[in-house]
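**Student:** Every letter in the sequence shown is one number past the one before it in our numbering, and letter 282, counting from 1, is 266.
By construction, the Cβ of each residue, glycine as well, lies at the ideal position given by its N, Cα and C atoms.
All values derive from a computational prediction rather than experimental measurement.
One structure coming up, written as structure tokens, with questions to follow.
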Amino acid sequence: MQHLYSALVAIDGGTHYPHKAYEHGSPAEQLFKRFQQQVTNKMWFSDGQSITVRNDDNKMNKDFIMEHKHKLKTTAELEQAFALCVRFWNEAQHPKLNCSRQEAYNHSMAYREELSMQDVQDLMWIEQSKRPITYKAHGLDLWLGDKLYQYEVYDAYGNIDLDFRKNNIGKKFIVRYDPEYLDQYISLCEKDANGNLLTISHAQPKRSFTDIPKLMKEGEKAQMLKDKHVRELVEVQNTIKNLERKTGISREALIEEQDLLIKFKGQLPKQQRNELESDENILHRI
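Take a look at the structure:
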């Protein structure tokens, strides 16, 4: 919240009042304190600000209230009374301006800057910078409390993004999200060499399908089979990569050795030639 308060101050001409211990409370705390002292505590049925306050003006007049307890307000009446207190506060004279508080609130700010969507995200979105999350073969799991949210990166046509999967499965991302719009999308980010946060992609809630064919909507089965095929394809690709890493045999190695063969006009030593032929046979079987 301190970061948000600092960021909301206009860069050009704005004034920032940092919160410092023992000097003053937050602006919200001071606002409520004055609202209670000047308005709500004047109501005879007010219980004061707190049971631990030291000033008598802020304490509940218990004897007076007990004497008139039969006149205490119902919940509905208290809501009306509070709305009236708010109106009194808003219509009262502003302590520093020659107008009411409501009129001061409606004035245009002397210094203001328009916020872009990116600015709003930077200010309001929650960032999981201390807990980067791994993008796995089934997508990304975001745990908030005891609730699991699963996301997948899709392309512009609504299909699983194969290029993203190919390059990012197993990679950790800093996740940024708006708590009110978890059902729309989240941002997957990482930091560059200078510590700047870069958005790599956006992920949407992972598609789910019913297991009962009769309850499937039109086109749902086809989409389910398509998604299943993509995930199986990715698993095969990962298996091939693991084999290449373990055996040292890869398409890149084959290309390099054949280029050497051409460069030396077929005069490779017998051992290297045998290795080359062995690599070709294995890759063809894969």
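Please state whether DSSP places Phe29 in a helix, a strand or coil.
**Tutor:** Within the sequence shown, numbered from 1, the residue matching residue 29 stands at position 45. Coil, per DSSP.
**Student:** Assuming Ala140 is part of the beta strand (DSSP E), what are its boundary residues?
**Tutor:** Mapped onto the sequence shown, residue 140 falls at position 156. Here Ala140 belongs to no beta strand (DSSP E), and DSSP marks it neither H nor E.
**Student:** Please state the DSSP three-state secondary structure of Asp130.
**Tutor:** Translated into the one-based positions of the sequence shown, residue 130 becomes position 146. In this structure, Asp130 counts as coil in the three-state DSSP scheme.
**Student:** Quick one: what does DSSP say Leu81 is sitting in, helix, strand or coil?
**Tutor:** Translated into positions along the sequence shown, residue 81 becomes position 97. In this structure, Leu81 counts as coil in the three-state DSSP scheme.
**Student:** Taking DSSP as the reference, what is the three-state secondary structure of Lys114?
**Tutor:** Numbered from its first residue, the sequence shown carries residue 114 at position 130. If DSSP states are grouped into helix, strand and coil, Lys114 belongs with coil.
**Student:** Once DSSP output is grouped into helix, strand and coil, what is the label at Leu181?
**Tutor:** Locating residue 181 in the sequence shown gives position 197, counting from the first residue. Leu181 falls in the strand class under three-state DSSP.
**Student:** Report yes or no: do three or more beta-carbon pairs, one from the segment 175 to 192 and one from the segment 137 to 145, lie closer than 8 Å?
**Tutor:** Touching, yes, given that three or more Cβ pairs across the two stretches are closer than 8 Å.
**Student:** Taking only three categories from DSSP, how would you classify Val23?
**Tutor:** Translated into the one-based positions of the sequence shown, residue 23 becomes position 39. Of the three classes helix, strand and coil, the one that applies to Val23 here is coil, per DSSP.
**Student:** Here's a check: name, in chain order, each residue in its chain whose Cβ is nearer than 7 Å to the Cβ of Val23, leaving out the five neighbours to either side.
**Tutor:** Counting from one through the sequence shown, the residue named residue 23 turns up at place 39. Cβ neighbours of Val23 beyond the five flanking positions: Cys69, Phe72, Trp73.
**Student:** Do the segment 98 to 118 and the segment 147 to 161 meet, that is, are 3 or more Cβ pairs less than 8 Å apart?
**Tutor:** These segments touch.
**Student:** Cα-Cα, which of Ile184, Ser113, Asp130 is closest to Asn151?
**Tutor:** Looking up residue 151 in the sequence shown gives position 167. The residue with the shortest Cα to Cα distance from Asn151 is Ile184.
**Student:** Does the Cβ of Arg18 have 16 or more other Cβ atoms within 10 Å, making it buried, or fewer, making it exposed?
**Tutor:** The count along the sequence shown starts at 1 and reaches residue 18 at position 34. With fewer than 16 Cβ atoms within 10 Å of its Cβ, Arg18 is classed as exposed.
**Student:** CB Gln134 to CB Gly142, shorter than 8 Å?
**Tutor:** Here residue 134 corresponds to residue number 150 of the sequence shown, with the count starting at 1. Here residue 142 corresponds to residue number 158 of the sequence shown, with the count starting at 1. Result no, Cβ atoms of Gln134 and Gly142 do not sit closer than 8 Å.
**Student:** In three-state terms, what does DSSP make of Val(-7)?
**Tutor:** If you number the sequence shown from 1, residue -7 lands on position 9. Three-state DSSP puts Val(-7) in coil, outside helix and strand.
**Student:** Secondary structure at Tyr165, three-state DSSP: helix, strand or coil?
**Tutor:** Numbered from its first residue, the sequence shown carries residue 165 at position 181. Reduced to three states, the DSSP call for Tyr165 is helix.
**Student:** In chain order, what residues of the same chain lie with their CB nearer than 8 Å to the CB of Phe48, ignoring the 5 residues before and after it?
**Tutor:** If you number the sequence shown from 1, residue 48 lands on position 64. If we look at Phe48 and ignore the five residues flanking it on each side, its Cβ neighbours are Trp28.
**Student:** May I ask you to report which of helix, strand or coil DSSP gives Arg96?
**Tutor:** Here residue 96 is taken as the residue at index 112 of the sequence shown, counted from 1. The answer is coil: DSSP assigns Arg96 none of H, G, I, E or B.
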